[in-house]
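Below is one structure, written out as structure tokens; the observations come after it.
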Amino acid sequence: MSKYTEDDLKVELENKEYEYGFYTNIESETFPVGLNEDIVRAISQKKEEPQWMTDWRIEAFRAWKEMIEPEWANVHYDKPDFQAISYYSAPKKVDPNKTLDDVDPELLAMYAKLGISVDEQKMMNNVAMDIVVDSVSVATTFKKTLSEKGIIFCPISEAIKEHPELVKKYLGTVVPQKDNFYAALNSAVFSDGSFCYIPKGVRCPMELSTYFRINQAGTGQFERTLVIADEGSYVSYLEGCTAPSRDENQLHAAVVELIAMDDAEIKYSTVQNWYPGNKEGKGGVFNFVTKRGLCEKNAKISWTQVETGSAVTWKYPSCVLKGDNSVGEFYSIAVTNNFQQADTGTKMIHLGKNTKSTIISKGISAGKSNNSYRGLVQISARADNARNFSQCDSLLMGNNCGAHTFPYIESKNPSAKIEHEATTSKIGEDQVFYCNQRGIPTEKAIALIVNGFSKDVLNKLPMEFAVEAQKLLEISLEGSVG
Amino acid sequence: MLEIKNLHARVEDKDILKGINLSVKAGEVHAIMGPNGSGKSTLSAVIAGNEHYEMTEGEIELDGEDITELAPEERAHKGVFLSFQYPVEIPGVSVTNFMKTAINESRKAQGLEEMPANEMLKSIREKSELLEIDRKFLSRSLNEGFSGGEKKRNEIFQMAMLEPKLAILDETDSGLDIDALRIVANGVNKLKSENNAIIVITHYQRLLDYIVPDFVHVLYKGKIVKSGGKELAYELEEKGYDWIKNEN
Numbered sequence: 001m002s003k004y005t006e007d008d009l010k011v012e013l014e015n016k017e018y019e020y021g022f023y024t025n026i027e028s029e030t031f032p033v034g035l036n037e038d039i040v041r042a043i044s045q046k047k048e049e050p051q052w053m054t055d056w057r058i059e060a061f062r063a064w065k066e067m068i069e070p071e072w073a074n075v076h077y078d079k080p081d082f083q084a085i086s087y088y089s090a091p092k093k094v095d096p097n098k099t100l101d102d103v104d105p106e107l108l109a110m111y112a113k114l115g116i117s118v119d120e121q122k123m124m125n126n127v128a129m130d131i132v133v134d135s136v137s138v139a140t141t142f143k144k145t146l147s148e149k150g151i152i153f154c155p156i157s158e159a160i161k162e163h164p165e166l167v168k169k170y171l172g173t174v175v176p177q178k179d180n181f182y183a184a185l186n187s188a189v190f191s192d193g194s195f196c197y198i199p200k201g202v203r204c205p206m207e208l209s210t211y212f213r214i215n216q217a218g219t220g221q222f223e224r225t226l227v228i229a230d231e232g233s234y235v236s237y238l239e240g241c242t243a244p245s246r247d248e249n250q251l252h253a254a255v256v257e258l259i260a261m262d263d264a265e266i267k268y269s270t271v272q273n274w275y276p277g278n279k280e281g282k283g284g285v286f287n288f289v290t291k292r293g294l295c296e297k298n299a300k301i302s303w304t305q306v307e308t309g310s311a312v313t314w315k316y317p318s319c320v321l322k323g324d325n326s327v328g329e330f331y332s333i334a335v336t337n338n339f340q341q342a343d344t345g346t347k348m349i350h351l352g353k354n355t356k357s358t359i360i361s362k363g364i365s366a367g368k369s370n371n372s373y374r375g376l377v378q379i380s381a382r383a384d385n386a387r388n389f390s391q392c393d394s395l396l397m398g399n400n401c402g403a404h405t406f407p408y409i410e411s412k413n414p415s416a417k418i419e420h421e422a423t424t425s426k427i428g429e430d431q432v433f434y435c436n437q438r439g440i441p442t443e444k445a446i447a448l449i450v451n452g453f454s455k456d457v458l459n460k461l462p463m464e465f466a467v468e469a470q471k472l473l474e475i476s477l478e479g480s481v482g
Numbered sequence: 001m002l003e004i005k006n007l008h009a010r011v012e013d014k015d016i017l018k019g020i021n022l023s024v025k026a027g028e029v030h031a032i033m034g035p036n037g038s039g040k041s042t043l044s045a046v047i048a049g050n051e052h053y054e055m056t057e058g059e060i061e062l063d064g065e066d067i068t069e070l071a072p073e074e075r076a077h078k079g080v081f082l083s084f085q086y087p088v089e090i091p092g093v094s095v096t097n098f099m100k101t102a103i104n105e106s107r108k109a110q111g112l113e114e115m116p117a118n119e120m121l122k123s124i125r126e127k128s129e130l131l132e133i134d135r136k137f138l139s140r141s142l143n144e145g146f147s148g149g150e151k152k153r154n155e156i157f158q159m160a161m162l163e164p165k166l167a168i169l170d171e172t173d174s175g176l177d178i179d180a181l182r183i184v185a186n187g188v189n190k191l192k193s194e195n196n197a198i199i200v201i202t203h204y205q206r207l208l209d210y211i212v213p214d215f216v217h218v219l220y221k222g223k224i225v226k227s228g229g230k231e232l233a234y235e236l237e238e239k240g241y242d243w244i245k246n247e248n
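Line order of the protein sequences matches chains A and B. For the first sequence, UniProt numbering assigns the number 1 to the initial residue and increments by one for each residue that follows. For the second sequence, UniProt numbering assigns the number 1 to the initial residue and increments by one for each residue that follows.
The structure is reproduced here in structure tokens:
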């Protein structure tokens, strides 16, 4: 990332296609399409899971069968046919005892295309990575350095086998199997994802990172992430997503659960760049994600997200502020262009006393897209002196896009202090002309204005991610003005 | 340096400029005066290439090159600078970041490398001293919450940083108190050289006490109706614009 220059950006801006839209020809093993109890069992069997895990999945599947897809979000799409999806696809050459050297060279070539050379990651950035392609985790780096501190960072499939006591205790405690339609589906069929445990009092010495990629056609990706920060620990976690360009829609329904015990802190950052569909709105990923964190006493969880991809996004990273004095934060930039639709925001559930939450949401709409912020701030009767500050800013480009804000506030405690601010603005021709007059071409001017608009959130991202995020913002909005 | 011949321009079907002729040579300062609505700001916008205005006839040449087909940023790269009457706000973008981007875009257009950071810092330090700008000011968002005086001073600071060949100052004196006016004018005078030219657009003679013009032109109803030396500005001040209106 450090070598990235404006010239590189220029080349990228000239390349109008979705830059991650390649398909890698890796031999894959894919299940037949359709979903029933046998498929759920087969997934569990394939992963050599213990009986309790199989039962847990079956329970989720039975609940899911009775549930209906939510329709309250401000998005419109043809519902996926859940019987036309294959629920398991794995690159064939995965060996559970692999080291990085054993990883399929085609896969490694794919990472290079994604700009994440694993070797480079190892040497240059202090980032430990777990890479999930289609449904299976294919490479986890830095394991040894981490294990010296007692930190567990591995594919969740591995954690189920090797740390069953932790998984059994915490899986589904923040996002229960029956939480919602997509979470139930995920609970039944998830095939992999990342697991992370930080022991008491340990400050994780590096950023932990997961890279998700959908490769195979006609598959869904259902990853499951579980992060547990034990008392007084700290971890910063990064998540990146891409997918190849395809005509049909691909389904992505992930669940992320965070548990921050007393005095612990989790920082969770996402740069989501799933394929958004083409200029006519064809194809693209349906991104239906449930992310939630639980804060015990004096704990803190920060969600930071940069959402530039997906045809449809349905996502509300939330915090349950259970412990007294706990803190929840949500910083979001959501960009929609062409025919993209995003309904995203957060829920801050204040249960403990003196709990605090901050919400900063920046929505940028261009083309014919629709961008909605949906947020809930809930103060329970016991949550004395709870405080919330919310700020929702929307930036519009052109005359065919929409920005919507749906803030819900429920307070059952008279001592609560809740503030909500919202603005909507448009990139003005006069702003662009001003930049032009100073020698700044229009594309660059838009990037500058958008970056300025998003600054409060970009500043919250870890350094190496911030650069990537800025670059993504520029690419996502190219051709949106003029 | 700048040759304008028979320039006609309109905005939304309304003819504003109706045949402007103006010749500006290197080292010269020209003042353009005129009552409200005479087309002063339109003239500056058209020279800078604002596409909101449609040029219907005429020629604009910079150093012998026709620039009428060039985009505003290309004109800027060739050394055209406009100090805006109403500078726009760009939230979240600091003055320094904005200038860095502007300078490097111009350099890129000229096939030059980006300006090294130390050189940039040195230039910023010098130019901010020239305009008596507090350095804290430079990390603030561009024009956001700036007072009228700060905005104008910031425009001239940008001019100092970009070192244009042709600077057009559009009503730079409006909204300035006497102290700020002196600082701004002083800055402009220091930037003046044999190799550049300045067009000062103003309603009042006041600014011309500080930035002394070689030529004064009076614009009325889209045409230059009178040209002369600096004494023309005093005459105007004395007789008022009615003098012009009655003659035309």
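Every residue, glycine too, gets a C-beta built ideally from N, C-alpha and C. Source: prediction; values computed, not measured.
Taking Cβ positions, are residue 451(A) and residue 437(A) nearer each other than 8 Å?
Your numbering for residue 451(A) matches position 451 in the first sequence. Your numbering for residue 437(A) matches position 437 in the first sequence. No; because the gap between Cβ atoms is not below 8 Å, this pair is not in contact.
Quick one: is residue 126(A) buried, meaning 16 or more other Cβ sit within 10 Å of its Cβ, or exposed?
For the purposes of this step, residue 126(A) is taken as the residue at position 126 of the first sequence. Residue confidence is low: residue 126(A) scores 44 on pLDDT, short of 50, so the model does not pin down where it sits. Its coordinate-derived value is still stated next. Exposed, by the Cβ-count rule.
Could you work out which residue in 185(A), 280(A) and 230(A) is closest to residue 252(A) when comparing CA atoms only?
By one-based count along the first sequence, residue 252(A) stands at place 252. Minimum Cα distance to residue 252(A) is reached at 185(A).
Using a Cβ distance threshold of 8 Å, determine whether the segment 5-24 of chain B contacts the segment 340-357 of chain A, with at least three qualifying pairs required.
no
Say whether chain B places a C-beta atom closer than 8 Å to the C-beta of residue 276(A).
In the first sequence, counting from the first residue as 1, residue 276(A) sits at position 276. No - not a single Cβ of chain B is within 8 Å of the one on residue 276(A).
Any residues in the segment 299-331 of chain A with a beta carbon nearer than 9 Å to a beta carbon of chain B? Which ones, in chain order?
none
From the DSSP output, which residues share a beta bridge with residue 370(A)?
As a first step, residue 370(A) must be located in the first sequence, where it is residue number 370. According to DSSP, which records beta bridges pairwise, residue 370(A) is partnered with 341(A) and 402(A).
Quick check for students: name the residue ranges of the beta strand (DSSP E) that lie wholly in the segment 311-366 of chain A, counting only runs of 3 or more.
312-315, 318-321, 327-336, 341-350 and 356-365
Any residues in the segment 395-413 of chain A with a beta carbon nearer than 7 Å to a beta carbon of chain B? Which ones, in chain order?
none
Beta-carbon proximity of residue 208(A) to residue 153(A), cut-off 8 Å
One-based indexing of the first sequence puts residue 208(A) at position 208. One-based indexing of the first sequence puts residue 153(A) at position 153. Their beta carbons are under 8 Å apart, which means residue 208(A) touches residue 153(A) by this criterion.
Run the CB neighbour count on residue 382(A), radius 10 Å, all protein chains shown included, and call it buried at 16 or more, exposed below.
Your numbering for residue 382(A) matches position 382 in the first sequence. When all chains shown are included, residue 382(A) counts as exposed.
Verify whether the separation of the beta carbon atoms of residue 142(B) and residue 94(B) is less than 8 Å.
Position 142 of the second sequence, counting from 1, holds the residue named residue 142(B). Position 94 of the second sequence, counting from 1, holds the residue named residue 94(B). Cβ atoms of residue 142(B) and residue 94(B): closer than 8 Å.
Check whether chain A comes within 8 Å of residue 116(B), counting only Cβ atoms and requiring the distance to be less than that.
Residue numbering aside, residue 116(B) sits at position 116 when the second sequence is read from its first letter. Closer than 8 Å: no.
Min CB distance residue 443(A) to chain D below 8 Å:
Considering every chain present, this structure includes no chain D. Its protein chains are A and B.
Does the distance from the CB of residue 19(B) to the CB of residue 223(B) come in under 8 Å?
Stepping through the second sequence from its first residue, residue 19(B) is reached at position 19. Stepping through the second sequence from its first residue, residue 223(B) is reached at position 223. Yes, the pair counts as a contact, with Cβ atoms nearer than the cut-off.
Contacts around residue 447(A), its chain only, beta-carbon distance under 6 Å, and the 5 residues preceding and following it disregarded
By 1-based counting over the first sequence, the position of residue 447(A) is 447. Within the same chain, residue 447(A) has close Cβ partners 474.
Residue environment, residue 245(B), which counts as buried when at least 16 other CB atoms sit within 10 Å
Counting from one through the second sequence, the residue named residue 245(B) turns up at place 245. Exposed: under 16 other Cβ atoms inside 10 Å.
Would residue 31(B) and residue 202(B) be called neighbours here (beta carbons separated by less than 8 Å)?
As a position in the second sequence, residue 31(B) is number 31, starting the count at 1. As a position in the second sequence, residue 202(B) is number 202, starting the count at 1. Yes. Within cutoff.
Going by C-alpha distance, which of 336(A), 322(A) and 373(A) is nearest residue 353(A)?
The count along the first sequence starts at 1 and reaches residue 353(A) at position 353. Out of 336(A), 322(A) and 373(A), 322(A) has the C-alpha closest to the C-alpha of residue 353(A).
Per DSSP, which one or two residues make a beta bridge with residue 247(B)?
For this step, residue 247(B) is matched to residue 247 along the second sequence. For residue 247(B), which the question treats as bridged, DSSP gives no partner whatsoever.
Determine which residues of the segment 199-211 of chain B have a Cβ less than 9 Å from any Cβ of chain A, and write them out in chain order.
none
Cβ-based burial, residue 68(A) [other Cβ within 10 Å; buried from 16]:
Along the first sequence, read from residue 1 onward, the residue named residue 68(A) stands at position 68. By the 10 Å Cβ count, residue 68(A) comes out exposed.
Nearest neighbour of residue 449(A), chosen from 83(A), 460(A), 439(A) and 435(A) [CA to CA]:
As a working mapping, residue 449(A) is identified with position 449 in the first sequence. Comparing Cα-Cα distances from residue 449(A) to each of 83(A), 460(A), 439(A) and 435(A), the minimum goes to 435(A).
CB contact flag (residue 49(B), residue 62(B), <8 Å):
As a working note, residue 49(B) is residue 49 in the second sequence. As a working note, residue 62(B) is residue 62 in the second sequence. Not closer than 8 Å, so no.
Is residue 105(B) close to chain A? Criterion is C-beta to C-beta, closer than 8 Å.
On the second sequence, position 105 is the one that residue 105(B) refers to. Closer than 8 Å to some Cβ of chain A, the Cβ of residue 105(B) qualifies, so yes.
Short check: CB of residue 398(A) to CB of residue 339(A), under 8 Å?
What you label residue 398(A) is simply residue 398 of the first sequence in a count that begins at 1. What you label residue 339(A) is simply residue 339 of the first sequence in a count that begins at 1. Not closer than 8 Å, so no.
Which residues in chain B have a C-beta closer than 7 Å to the C-beta of residue 272(A)? List them in chain order.
As a first step, residue 272(A) is located in the first sequence; it is residue number 272 there, counting from the start. Neighbours of residue 272(A) on chain B: none; closest Cβ ~22 Å, over 7 Å.
Alpha carbon to alpha carbon, how far is residue 458(A) from residue 92(B)? Give it in angstroms, no decimals.
Indexing the second sequence from 1 puts residue 92(B) at position 92. Indexing the first sequence from 1 puts residue 458(A) at position 458. Going from the Cα of residue 92(B) to the Cα of residue 458(A) covers about 11 Å.
Considering only C-alpha positions, which residue in the set 261(A), 273(A), 263(A) and 227(A) is nearest to residue 291(A)?
By one-based count along the first sequence, residue 291(A) stands at place 291. Comparing Cα-Cα distances from residue 291(A) to each of 261(A), 273(A), 263(A) and 227(A), the minimum goes to 227(A).
May I have the straight-line CA-CA distance separating residue 34(A) from residue 165(A), to the nearest angstrom?
Within the first sequence, numbered from 1, the residue matching residue 34(A) stands at position 34. Within the first sequence, numbered from 1, the residue matching residue 165(A) stands at position 165. Roughly 32 Å separates the two Cα atoms.
Start-to-end residues for the beta strand (DSSP E) that takes in residue 391(A):
Here residue 391(A) refers to the residue found at position 391 when the first sequence is read from its first residue. That run of the beta strand (DSSP E) goes 387-396.
Assign residue 37(B) to one of two classes, buried (16 or more other C-beta atoms within 10 Å of its C-beta) or exposed (fewer than that).
Within the second sequence, residue 37(B) is the residue found at index 37, counting from 1. Counting Cβ neighbours within 10 Å, residue 37(B) comes out exposed, since fewer than 16 surround it.
Please list the terminal residues of the continuous beta strand (DSSP E) segment that includes residue 10(B).
Here the question's residue 10(B) lines up with position 10 in the second sequence. It spans 2-11 - the beta strand (DSSP E) in which residue 10(B) sits, taken as one unbroken run.
Would you say residue 363(A) and residue 334(A) are within 8 Å of each other, going by their C-beta atoms?
On the first sequence, residue 363(A) is found 363 positions in, with the first residue counted as 1. On the first sequence, residue 334(A) is found 334 positions in, with the first residue counted as 1. The answer is yes: Cβ separation under 8 Å.
On the three-state DSSP scale, how would you describe residue 146(A)?
As a working note, residue 146(A) is residue 146 in the first sequence. Correct three-state label for residue 146(A): helix.
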